[in-house]
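Chains A and B, in that order, give the protein sequences. Residue numbers for the first sequence follow full-length UniProt numbering, beginning at 1 and rising by one. Residue numbers for the second sequence follow full-length UniProt numbering, beginning at 1 and rising by one. Beta carbons are placed, not taken as given, at the ideal position from N, Cα and C, and that holds for glycine. Every value quoted in this text rests on a predicted model; they were computed, and no experiment measured them. Step one of this worksheet: look at the structure below.
Protein chains: 2
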Amino acid sequence: MSDSDGEGDTKVAMMEATYRALCQHGYSDTSISKIAAEFEKSKSLLYYHYDDKEELLEDFLHYILDQLETDLESIEAETAHEELLSIVDRLLPEDIDGEQMRFRRAVLELRAQAPYHDAYREQFARSDELILSTLVDVIERGIENGEFRSVNSREKAEFVYSLTYGAMERGIPLDDPGVVNSTREIVVSHLESQLVKFA
Amino acid sequence: MSDSDGEGDTKVAMMEATYRALCQHGYSDTSISKIAAEFEKSKSLLYYHYDDKEELLEDFLHYILDQLETDLESIEAETAHEELLSIVDRLLPEDIDGEQMRFRRAVLELRAQAPYHDAYREQFARSDELILSTLVDVIERGIENGEFRSVNSREKAEFVYSLTYGAMERGIPLDDPGVVNSTREIVVSHLESQLVKFA
């Protein structure tokens with residue numbers, strides 16, 4: 001997008017309209033006209049920027065990935081252990097509310113469409129790699145400063161991510177936040193006993 | 001279905017046609033007419049049994065869940081440890097081929113639709129519970145006969161299932177069997193070091 005405030009505002013408003021439409025209708029039932037219905041500015045402005053839903057959702061995935069990046073970078077923690085738990089918190093929030101459930105459902109639908117849309121697949125591959133490299137960094141920092149045992153950082157990162165991802169993918173479609181919460185406890189206790197020294 | 005062989009054959013032929021259509025087109029692009037195109041018997045027979053794709057896929061999920069049940073029951077192993085590895089093999093096959101990848105993609109799409117279709121959600125909840133209870137059984141058997149350490153069997157089962165599920169859900173949409181293979185190794189080495197005694 002351009003640097004001018006007007007266009008930046010429009011972009012944010014379009015992304016927020018997309019978010020609301022996805023929460024309300026899910027991915028399959030979201031159409032560009034349903035997104036336009038959520039858009040507070042002129043509908044023709046939205047149609048001017050996007051030809052179809054796929055094009056808009058590609059930008060939307062890019063947008064939420066940028067937000068994830070900012071969110072992960074903004075984590076402040078005294079120790080690597082604390083930082084690692086904060087990342088797990090982002091992946092498996094302790095109190096997931098109805099709107100978050102609905103949004104994550106729509107994202108799972110989008111991910112399930114990745115094999116059929118190169119642009120979606122690219123964004124999800126980038127988001128997985130961002131999360132994994134953030135996990136690798138904090139694990140390596142913890143090893144270097146003596147907080148963590150000397151483990152294979154990439155393997156441990158893959159382990160934490162697959163486990164948290166699996167809990168989300170199992171729990172969300174079944175509308176069962178219990179799976180998310182119980183896995184969160186399993187991840188935390190695993191990290192305490194297998195990674196953190198003197199825990 | 002009825003007990004008569006004719007109807008049983010028809011049912012199997014309809015399910016196989018559904019399988020082929022899903023592998024070829026994915027879930028979103030599969031229509032009842034595309035399934036009918038894969039059906040070797042009279043197309044009207046298929047339309048006689050099913051009004052729409054959702055109804056057919058509900059039966060299909062039921063059918064593959066029965067197959068999973070038979071498959072899990074048929075595992076033969078000398079020890080609980082061997083049996084547990086065989087179950088992990090079923091969840092994360094070592095050499096996943098193109099057709100299996102395409103089929104699992106379609107199943108992930110179906111699962112992503114579960115929040116919007118009660119009948120799908122019910123089948124996936126049943127399949128998760130079948131896998132979890134199979135895992136709990138073998139872990140408890142291993143604890144009882146002294147092969148495994150005394151762990152919380154349900155927690156360990158949840159752990160193994162979330163981890164394997166997450167690997168599948170991460171790898172399949174990105175068309176990356178490497179994630180499946182590397183997670184398989186992580187699961188196996190975790191079980192060796194954390195569950196099996198004297199491994």
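CB of GLU158 (chain B) within 9 Å of CB of VAL196 (chain B), strictly: No, the Cβ-Cβ distance between GLU158 (chain B) and VAL196 (chain B) is not below 9 Å.
Limits of the alpha helix (DSSP H) - the one that GLN67 (chain A) falls within: First-last of the alpha helix (DSSP H) with GLN67 (chain A): 53 to 73.
Contacts of ARG105 (chain A) in chain B (Cβ-Cβ under 7 Å): Neighbours of ARG105 (chain A) on chain B, chain order: PRO115.
Sheet register partners of PHE148 (chain B) (DSSP bridge): In the DSSP output, where bridge partners are listed per residue, PHE148 (chain B) has B:VAL196.
Cβ of ASP3 (chain A) within 9 Å of any chain B Cβ: Caution applies to ASP3 (chain A), whose pLDDT of 49 falls short of 50 and renders its modelled position unreliable; the model cannot decide the point.
ALA37 (chain A) burial status per 10 Å Cβ neighbour count (16 or more: buried): Here ALA37 (chain A) is exposed. Its C-beta has fewer than 16 other C-beta atoms within 10 Å.
Between the CA atoms of LEU91 (chain A) and GLU69 (chain B) - distance to the nearest angstrom: Computed Cα separation, rounded: 32 Å.
Own chain residues within Cβ distance below 7 Å of ASN145 (chain B), not counting five before or after: Close CB contacts of ASN145 (chain B) within its chain, under the 7 Å cut and outside five residues either way in sequence, are with ALA80 (chain order).
TYR50 (chain A) in three-state terms, based on DSSP: DSSP, read as helix, strand or coil, puts TYR50 (chain A) in coil.
Three-pair Cβ contact test at 8 Å for the stretch 104 to 119 of chain B versus the stretch 167 to 175 of chain A: The stretch 104 to 119 of chain B vs the stretch 167 to 175 of chain A: in contact.
8 Å Cβ shell around HIS62 (chain B) - same chain, five flanking residues per side excluded: Around HIS62 (chain B): GLN123.
Under 8 Å by beta carbon: chain B residues contacting SER178 (chain A): Before going further, note that residue 178 (chain A) is Gly rather than Ser in the sequence given. When 8 Å is used as the limit between beta carbons, GLY178 (chain A) is near no residue of chain B, the shortest such separation being about 10 Å.
Exposed unless 16 or more other CB atoms sit within 10 angstroms - verdict on TYR161 (chain A): Using a 10 angstroms sphere on the CB of TYR161 (chain A), the tally of other CB atoms reaches 16 or more, which defines it as buried.
C-alpha gap between CYS163 (chain B) and THR183 (chain A), whole angstroms: Checking the displayed sequence, the identity of residue 163 (chain B) turns out to be Leu instead of Cys. Taking the straight line from one Cα to the other gives about 10 Å.
Chain A contact residues for GLY26 (chain B), given Cβ-Cβ distances below 8 Å: Residues of chain A with a Cβ closer than 8 Å to the Cβ of GLY26 (chain B) are, in chain order, PRO115 and TYR116.
Chain B contact for THR18 (chain A) (CB, 9 Å cutoff): It does not; no Cβ of chain B falls within 9 Å.
Where THR164 (chain A) falls: helix, strand or coil (DSSP): Helix at THR164 (chain A).
Cut-off 7 Å between Cβ atoms - residues of its own chain near MET1 (chain A), not counting five sequence neighbours on either side: Here the model assigns MET1 (chain A) a pLDDT of 46, short of 50, so the residue's position is not dependable, and the following value carries that caveat. Apart from the 5 residues on each side of it in sequence, MET1 (chain A) sits with its Cβ closer than 7 Å to the Cβ of GLU7, GLY8 and LYS11 in its chain, given in chain order.
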